[in-house]
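This report concerns only the one structure given below.
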Amino acid sequence: TLADMIYKEMESRGIEFNRFHHVSLIHYFGLKLDSGGIRAAYKEMVESGEMVDTVVLNCVISGLLRCGEEEAAEETYERMKNGHALASDMPQRDYMMNKVITRVLMMFTRVGKQHPELKETLQTNVRLAPDLHTYKLLVQHYAIRVGNLNKVAQYLDEMKHLKVPIHPTIFLALFKGFYTHGGFSGSDWSEKRLEGVLSALYQARDEHAKGFRIDRWLVIWALRAVK
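Put into structure tokens, the structure is as follows:
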């Protein structure tokens, strides 16, 4: 309600939307389960001349999955995957790097508006490839909400192929999937597959000792899944 009020106040005062407002508006319609609103907000962002990157497309995917529009979310992901070659050697981004990238994108937008002939060239230099957050969204949705282990395996395989580093939160989603959908005869979420996931967890910890922290919640959900 407060966000809605602020948006209306911005409109009444003639304050122009920037990147932050466009992305939060896409997220807002996702929370309202309004897929039409997500599409309209995304279209408005593109037409305003803002640069579209992985963060924006992740927000679109998140909203579409929340609305139950898996096919549309997967189409967005496929387009991101096809653009992976543009940025295959990008370094892992931390919080400070994200702030720098956001400033660069906003600068690109200003330049693109002042020199429309450069916009297409600038957009081709923006990262559109799937990142860790993209895969977290997809794995969480198909593991916990849908219980489709085949789709989860597909995304994990593609994540490995695109060399996106594994993270403990991916395992957290998998354990929640086993807890929710396993534990009975004939389930795809079988004991043997759970053992395979646990082995992969130990291997990831051994290979990435410093950057792979097994915290309390991961242990709790691993124990729940095993039980």
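Heads up, the sequence shown stops at 607 in our numbering, and the numbers go up one at a time, no gaps.
Backbone N, C-alpha and C define an ideal beta-carbon position, used for all residues, glycine too.
State the start and end residues of the unbroken alpha helix (DSSP H) segment that holds residue i.
i, result
"residue 521", "Taken as a continuous stretch (DSSP letters only), residue 521 belongs to no alpha helix (DSSP H), as it is neither H nor E."
"residue 373", "Because residue 373 is not part of the residues shown, which for the chain are 381 to 607, the question remains open."
"residue 586", "571 to 587"
"residue 403", "399 to 411"
For a test of the three-state rule: what should DSSP assign to residue i, helix, strand or coil?
i, result
"residue 562", "coil"
"residue 449", "coil"
"residue 539", "helix"
"residue 430", "coil"
"residue 382", "helix"
"residue 352", "With the chain covering 381 to 607 only, the question about residue 352 has no answer from this structure."
"residue 442", "helix"
"residue 555", "helix"
Would you say the beta carbon of residue i comes nearer than 7 Å to a heavy atom of the ligand SAH?
i, result
"residue 605", "Of ligands this structure carries none, so the ligand SAH is not represented either."
For residue i, which option in the options has the closest C-alpha, if you only look at C-alpha atoms?
i, options, result
"residue 409", "422, 572, 576 and 386", "422"
"residue 452", "419, 525, 382 and 572", "419"
"residue 607", "562, 591, 576 and 547", "562"
"residue 520", "556, 439, 406 and 600", "556"
"residue 545", "587, 384, 524 and 604", "587"
"residue 412", "387, 426, 443 and 577", "443"
"residue 462", "394, 391, 523 and 541", "541"
"residue 526", "449, 385 and 382", "449"
Can you confirm whether the region 562 to 578 touches the region 587 to 597 when touching is taken to mean that 3 or more C-beta pairs between the two stretches lie within less than 8 Å?
With the cut-off at 8 Å, the region 587 to 597 and the region 562 to 578 do not touch.
Report yes or no: do three or more beta-carbon pairs, one from the region 423 to 442 and one from the region 394 to 413, lie closer than 8 Å?
yes
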